[in-house]
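Engineer:
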Amino acid sequence: GRRGLPLLRGGPAVAAFARALDFPEPGLVLADIDWERFVRVFGGDRPDPLFLEIPEVRRLRATAGTREQSGAAVAARLSAAEPSQRREVLLGLLRSEVAAILGHADADAVSPRREFLELGMDSVTTLALRNRLQAATGLQLSARDIWDLRSPDALARHLAARFGDAQAAPAQDTA
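So the sequence shown is numbered by this note's numbering: it starts at 7 and just counts up by one.
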């Protein structure tokens, strides 16, 4: 499925369960896991120590540093952009992130005006999107913001306005 946990089907699943009956460990789990998609959806901001013991997850987390650098690049692009251009930058980011979370090949699969629910988003994928947007923009959002605004286009407009407000806010005196 889109969360990285497809159903076990047919012969291979039956064979795996048959082998599991002879396995001495009492807490065995059989699952066909798409680790890249699973980590993308459930990885969040903090790695779970249990999952870090899995070699595929460690490899994927190691490449996550590239994503953080790209988040800093998005924030820099937003800061440098004219206010009228920020919505387009954010819309591109939103479409790319939604496409990645839902397992689409590219952002073209995400229509800017379709509602998130129609695109296939659910509560778990919405949290993943929120985490990615916060990392990329530095803005704090709630999952409710995403659901209330309903579409990538509406959310991009909202974030562009908030980013502009955050840029205009005076720095607090720490003295």
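Every residue, glycine too, gets a C-beta built ideally from N, C-alpha and C. Just so we're clear, the structure is a prediction, and the values are computed from it rather than from any experiment.
#1: Looking at the secondary structure, which residues open and close the alpha helix (DSSP H) in which I152 lies?
#2: From E124 to F57, what distance separates their C-alpha atoms?
#3: Please classify P18 as buried or exposed, where buried requires at least 16 other C-beta atoms within 10 Å of its C-beta.
#4: Suppose the cutoff is 7 Å on Cβ atoms and the five residues either side in sequence are ignored; what does the same chain contact list for L161 look like?
#5: For the alpha helix (DSSP H) containing E94, list its first residue and its last residue.
#6: Could you tell me which of A37, L27, E31, A26 sits nearest to R15, measuring between CA atoms?
#7: CA-CA distance, A105 and V45?
#8: Between A149 and the rest of its own chain, which residues show a CB-CB distance below 6 Å, the 5 nearest in sequence each way excluded?
#9: Using the three-state DSSP reduction, which class does D28 fall into: helix, strand or coil?
#10: Does the distance from the CB of L139 to the CB of R168 come in under 8 Å?
#11: Which term fits G71, buried or exposed, when burial requires 16 or more other beta carbons within 10 angstroms of its beta carbon?
Structural biologist: According to the structure shown:
#1: In the sequence shown, residue 152 corresponds to position 146, counting from 1. Unbroken alpha helix (DSSP H) run through I152: 149-155.
#2: The count along the sequence shown starts at 1 and reaches residue 124 at position 118. The count along the sequence shown starts at 1 and reaches residue 57 at position 51. The C-alpha of E124 lies about 31 Å from the C-alpha of F57.
#3: By one-based count along the sequence shown, residue 18 stands at place 12. Its Cβ having fewer than 16 others within 10 Å, P18 is exposed.
#4: Within the sequence shown, residue 161 is the residue found at index 155, counting from 1. Correct list, in chain order: L100, I152, L155.
#5: For this step, residue 94 is matched to residue 88 along the sequence shown. If you look at E94, you'll find it in the alpha helix (DSSP H) that goes 89-108.
#6: Counted from its first residue, the sequence shown places residue 15 at position 9. The shortest C-alpha separation from R15 is found at A37.
#7: Taking the first residue of the sequence shown as 1, we reach residue 105 at position 99. Taking the first residue of the sequence shown as 1, we reach residue 45 at position 39. Distance between the alpha carbons of A105 and V45 is about 15 Å.
#8: Within the sequence shown, the letter at position 143 stands for residue 149. Hits under 6 Å: T132, L133, R136.
#9: Counting from one through the sequence shown, the residue named residue 28 turns up at place 22. Residue state, collapsed to three classes: coil.
#10: Working through the sequence shown from its first residue, we reach residue 139 at position 133. Working through the sequence shown from its first residue, we reach residue 168 at position 162. No; because the gap between Cβ atoms is not below 8 Å, this pair is not in contact.
#11: Here residue 71 refers to the residue found at position 65 of the sequence shown. A caution first: G71 carries a pLDDT of 49, below 50, which makes its placement in the model unreliable, though a value can still be read off. Its Cβ having fewer than 16 others within 10 Å, G71 is exposed.
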